[in-house]
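A.B. asks: Residue numbers (our numbering): 1 to 528.
The structure under discussion is supplied below as C-alpha cells; questions concerning it will follow.
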Amino acid sequence: MLALDIPDLIGLTLAAFCVATAALITASFVCQRHYGPVLRHFDILGPEPASFVFDGDILVDASDRGEALLRSLPGAGTPWEQLLDHLAHRSPSAASSLRSLRRGQNVSIPLGETSDIPQLRADWRNGFLRVAVIDEADRGAIIPMNSHSIAALEDQVAFHKTLAKHAPFLIWKSTGDGRTVWCNPSYAQLHDDVAETGESWDAPSLFGLTEVPSEAGAAHSAVRRVSVKKPGTDDVLWFDTLSFPLGDGILHFALPADDAVKAEGALREFIQTLAKTFAHLPIGLAIFSKTRKLVLFNPAMTDLSGLPVTFLSAQPRLVEFLDALREKRVMPEPKNYATWRQEVSALEAEAVNGTFQETWSLPEGQTYRVTGRPHPDGAVAFLFEDITSEIALTRRFRAELELGQAVMDAQSEAIAVFSQSGILTLSNTAYADLWGMDPTTTLGDVRVTDAMEAWLELGEPSPVWGEIRDFVDSIDDRTDWTAQARLKSGVDLSCRIVPLAGGSVLCGFRRQPARSDQQRRLHFEKQS
C-alpha cells in the first residue's frame with residue numbers, strides 16, 4: 001500500500017467528487033433529453049382519465065387520476081405489477097392482452113363482458129407505453145378544464161344544493177322497487193312526522209310510487225294525487241306528484257294539495273246539495289257548459305222532455321238536445337227547417353244575454369214556458385216549466401170576466417164600481433152612454449173625483465154627488481142607500497149606492513120615467 005500524505009489525499013478526494021458530480025449532471029441531461037419530448041407529446045397532465053406512461057416496467061409519468069388510482073390499489077410491488085393486478089380483477093383477458101402487447105402495437109379492450117365501450121387503451125409511442133383506464137364517468141372528461149370552469153361548476157352545484165334544501169315542496173329519488181335513495185329536507189321532515197318509530201330514511205317511499213305513468217312518456221309525467229296520514233290522528237295530507245325517469249331510478253316532486261282537495265270537496269258537496277234541491281223542483285232544469293255540453297239536469301227535465309236518462313247523461317250538446325226535443329214533439333215545429341239552425345243560434349245568443357223567454361204550445365195540448373239564463377264562466381241554464389194548468393186557469397178566469405162584463409153590459413142600469421182607494425175598476429156600457437165617458441179608452445186610472453166632474457157637468461147641482469164621493473172615500477162601516485138626482489137635460493135619476501167586499505162601492509144610476517109637473521113638485525117638496 002502506498003503511503004499518501006495529507007495533501008495528496010485531499011486532492012484525490014476532490015477529484016473523485018468532481019467526477020461524480022459531472023456524471024450526475026450528464027445523466028440528468030441524458031434523461032431529460034430522453035423523456036422530455038415524449039412526456040410533452042403524450043400531454044397527460046391535467047384532468048383526464050387514469051393514464052400512465054411506462055418505460056418497460058418503470059413508471060415514467062401518470063395523470064392526477066392515475067396517481068390517485070395507484071394510491072388506492074392494495075398490495076405491494078411496482079406500479080406496473082399493481083396496475084396489472086387491478087386490471088386482472090376487472091377483466092383477466094384485458095390484463096393478459098396488456099402483458100403480451102408488443103412494441104408498436106395499439107389495443108382497445110372493454111373491461112367487462114357486457115360492455116361494448118373500450119375502457120382500456122394502450123398504445124406505443126417513441127418506445128414508451130401509454131395506458132389509459134377509462135371509467136363510464138370519465139367519458140368526455142378528457143377536455144381540459146381551467147380554474148374558472150371548475151369554480152363555475154362548484155357554484156352551480158352549491159346553488160342546486162341550496163335550491164333543493166329550501167324548496168317548499170318535496171323532492172326525492174327512489175329506486176325501481178320504491179326505496180328512497182335521496183331526498184330534500186322537506187321530504188325528510190315529512191318522513192319524520194309520519195314514519196313509524198325506528199324506520200330509516202331510506203325506507204319505502206311515503207306514497208308508494210314505484211313507476212312512472214305509462215301515458216307520461218320518457219320526459220313527462222302525469223299528475224297523480226296521493227295522500228299520507230299522520231299516525232295517531234285523523235289528519236290526511238294531500239299532494240300532487242310528478243315523476244320522471246332519472247338514470248337507474250325515478251325522480252319525484254310532490255306539491256301540497258290540501259287547499260285544492262278542500263275546495264274540490266266543498267264543490268262536490270255544493271253540487272250534491274244543488275242536485276238534491278233540484279231533484280224536488282217541478283221545473284225542468286238543464287245547464288250547459290261554456291262548450292254547450294249538458295253538465296247538469298234534474299228529474300223534472302226527464303219528465304217534461306220525455307228524453308231518456310241515458311241520452312241526457314251522455315252530455316249532448318245544445319243543438320243535439322234541441323233536435324231531440326223536436327223529435328219528441330216537445331217544442332213547436334218550425335215552419336221552415338232550413339232556418340232551424342239560425343233559430344237555435346238566436347236562441348243561444350238570447351239565453352246568454354238573459355233575454356230568452358218563450359211559451360211553447362205543444363201539439364199534445366201542453367204549454368211550456370222556457371227561460372234562458374246566463375251563468376258564470378259562459379254557462380247557460382234553461383228552465384222548462386209546465387204552465388198548462390196556469391194557462392187553463394187564466395183562460396177560464398178571462399172567460400168568466402168576459403161573461404161577467406157581458407152580463408153587466410146587458411143591464412139597463414148604469415153601473416160603476418170603485419175600489420177602496422177610489423179608483424174605477426168596473427163599469428158597463430149603460431154607464432158610458434149615460435155620462436159620456438168610457439173608462440176602457442182612458443190611458444190612466446179614473447178616480448171617483450174624475451167621475452164626479454162628469455156627474456157635475458151633466459147633472460144639475462145636488463149634494464148627492466158629494467155624498468157619493470165621500471161614501472167611496474170613507475172606510476167606516478157602511479150600508480147601502482139610495483138618492484134621487486136630475487140631469488140638466490131634465491131626466492130624473494135614481495141613484496143606488498151599495499158597499500161591496502174589500503172596501504169597494506157599487507154606484508148604480510137608473511133613468512126614471514118622465515113625470516108631470518105636479519108629481520115633480522110633490523117629489524121635491526117631499527125631499528125638502
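Think of the CB as a built atom: it goes at the ideal place given N, C-alpha and C, for glycine as much as any other residue.
Quantities reported herein were computed from a predicted structural model and do not represent experimental measurements.
#1: Kindly identify the DSSP beta-bridge partner or partners of Gly249.
#2: Whose C-alpha, out of Leu294, Thr302, Phe288, is nearest the C-alpha of His280?
#3: May I have the straight-line CA-CA distance separating Glu460 from Gln484, to the nearest angstrom?
#4: What is the rounded straight-line gap between the Cα of Pro74 and the Cα of Ser100?
#5: Assign Ile44 to one of two classes, buried (16 or more other C-beta atoms within 10 Å of its C-beta) or exposed (fewer than that).
#6: Nearest by alpha-carbon distance to Trp182: which of Leu206, Ala406, Arg496 is it?
#7: Exposed or buried, Ile58, counting other C-beta atoms within 10 Å across all chains shown (16 or more means buried)?
#8: Compute the distance between the beta-carbons of Asp55 and Phe128, then report whether it is under 8 Å.
#9: Spell out the partners DSSP gives Gln357 in its beta bridges.
#10: DSSP has Phe128 in a bridge; who is on the other side?
#11: Over the uninterrupted beta strand (DSSP E) stretch that includes Gln484, give me the two end residues.
#12: Measuring CA to CA, which of Leu393, Pro332, Ala351 is closest to Glu364?
#13: Please identify the residue among Thr441, Ala430, Ser474 whose C-alpha is closest to the C-alpha of Val448.
#14: Could you check where the beta strand (DSSP E) with Leu170 kicks off and where it finishes?
#15: Assign His252 to one of two classes, buried (16 or more other C-beta atoms within 10 Å of its C-beta) or exposed (fewer than that).
#16: Any contact between the region 371-381 and the region 392-401? By contact I mean 3 or more CB pairs, one from each, below 8 Å.
#17: To the nearest angstrom, report how far apart Gly422 and Pro499 are at their CA atoms.
#18: Quick check: the region 409-422 against the region 505-515, are at least 3 beta-carbon pairs closer than 8 Å?
#19: Just to confirm, is the Cβ distance from Ala95 to Leu87 under 8 Å?
#20: Could you tell me whether any Cβ in chain B is nearer than 8 Å to the Cβ of Arg224?
#21: Could you have a look at Glu413 and say whether DSSP puts it in helix, strand or coil?
#22: Counting C-beta neighbours from all protein chains within 10 Å, is the total for Asp476 16 or more, i.e. buried, or is it exposed?
#23: Just the Cα atoms here: how many angstroms apart are Asn428 and Gly436?
#24: Thinking just about the alpha-carbon of each residue, which of Val194, Trp172, Pro316 is nearest to the one in Leu255?
#25: Mind checking which residues open and close the alpha helix (DSSP H) that includes Lys229?
#26: Please work out which residues of its chain come closer than 8 Å, Cβ to Cβ, to Lys328, disregarding the five sequence neighbours upstream and downstream, and give them in chain order.
#27: Rounded to whole angstroms, what's the CA-CA distance from Tyr35 to His166? Just pull it up for me.
C.D. replies: Reading it off the structure:
#1: Working through the sequence shown from its first residue, we reach residue 249 at position 249. Per DSSP, Leu246.
#2: For the purposes of this step, residue 280 is taken as the residue at position 280 of the sequence shown. The residue with the shortest Cα to Cα distance from His280 is Thr302.
#3: Walking along the sequence shown from the start, residue 460 turns up at place 460. Walking along the sequence shown from the start, residue 484 turns up at place 484. Straight-line Cα distance between these residues: approximately 11 Å.
#4: Here residue 74 corresponds to residue number 74 of the sequence shown, with the count starting at 1. Here residue 100 corresponds to residue number 100 of the sequence shown, with the count starting at 1. Rounded to the nearest whole angstrom, the CA to CA distance from Pro74 to Ser100 is 24 Å.
#5: Here residue 44 corresponds to residue number 44 of the sequence shown, with the count starting at 1. At Ile44, the pLDDT of 46 sits below 50, so the modelled position is not reliable and the matter cannot be decided from this model.
#6: Working through the sequence shown from its first residue, we reach residue 182 at position 182. Residue Leu206 is the option with its Cα nearest to Trp182.
#7: For the purposes of this step, residue 58 is identified with residue 58 of the sequence shown, where counting begins at 1. The residue is exposed, with fewer than 16 neighbouring Cβ atoms inside 10 Å.
#8: Locating residue 55 in the sequence shown gives position 55, counting from the first residue. Locating residue 128 in the sequence shown gives position 128, counting from the first residue. Going by C-beta atoms, Asp55 is nearer than 8 Å to Phe128.
#9: Numbered from its first residue, the sequence shown carries residue 357 at position 357. BP columns for Gln357 point to Thr371.
#10: Your numbering for residue 128 matches position 128 in the sequence shown. Phe128 is bridged to Arg125.
#11: As a working mapping, residue 484 is identified with position 484 in the sequence shown. Unbroken beta strand (DSSP E) run through Gln484: 481-486.
#12: By one-based count along the sequence shown, residue 364 stands at place 364. Looking at the Cα atoms, Pro332 is the closest of the given residues.
#13: Translated into positions along the sequence shown, residue 448 becomes position 448. Answer by Cα proximity: Ser474.
#14: As a first step, residue 170 must be located in the sequence shown, where it is residue number 170. Here the beta strand (DSSP E) through Leu170 covers 170-174.
#15: Here residue 252 is taken as the residue at index 252 of the sequence shown, counted from 1. By the 10 Å Cβ count, His252 comes out buried.
#16: No, they do not touch.
#17: Position 422 of the sequence shown, counted from the start, is the residue given in the question as residue 422. Position 499 of the sequence shown, counted from the start, is the residue given in the question as residue 499. Here the C-alpha atom of Gly422 lies approximately 12 Å from the C-alpha atom of Pro499.
#18: Three or more Cβ pairs closer than 8 Å define a contact, and the region 505-515 meets that threshold against the region 409-422.
#19: Here residue 95 is taken as the residue at index 95 of the sequence shown, counted from 1. Here residue 87 is taken as the residue at index 87 of the sequence shown, counted from 1. The Cβ-Cβ distance between Ala95 and Leu87 falls below 8 Å.
#20: Looking for chain B here will not work: only one protein chain is present.
#21: Locating residue 413 in the sequence shown gives position 413, where the first residue counts as 1. Residue state, collapsed to three classes: coil.
#22: For the purposes of this step, residue 476 is identified with residue 476 of the sequence shown, where counting begins at 1. Counting Cβ neighbours within 10 Å, Asp476 comes out exposed, since fewer than 16 surround it.
#23: Along the sequence shown, one-based indexing puts residue 428 at 428. Along the sequence shown, one-based indexing puts residue 436 at 436. Their Cα atoms are separated by approximately 12 Å.
#24: The sequence position of residue 255 within the sequence shown is 255, counting from 1. Among Val194, Trp172, Pro316, the Cα nearest to that of Leu255 is on Trp172.
#25: Taking the first residue of the sequence shown as position 1, residue 229 is located at position 229. Per DSSP, Lys229 belongs to no alpha helix (DSSP H); it is in the beta strand (DSSP E), 224-229.
#26: For the purposes of this step, residue 328 is taken as residue 328 along the sequence shown, with counting starting at 1. Non-local C-beta neighbours of Lys328 in its own chain, meaning closer than 8 Å and more than five positions away in sequence, comprise Ser305, Gly306, Leu307, ordered along the chain.
#27: Position 35 of the sequence shown holds residue 35. Position 166 of the sequence shown holds residue 166. Note that Tyr35 scores a pLDDT of 46, beneath 50, so its modelled location is shaky; the value from the coordinates is reported in the next line. About 54 Å.
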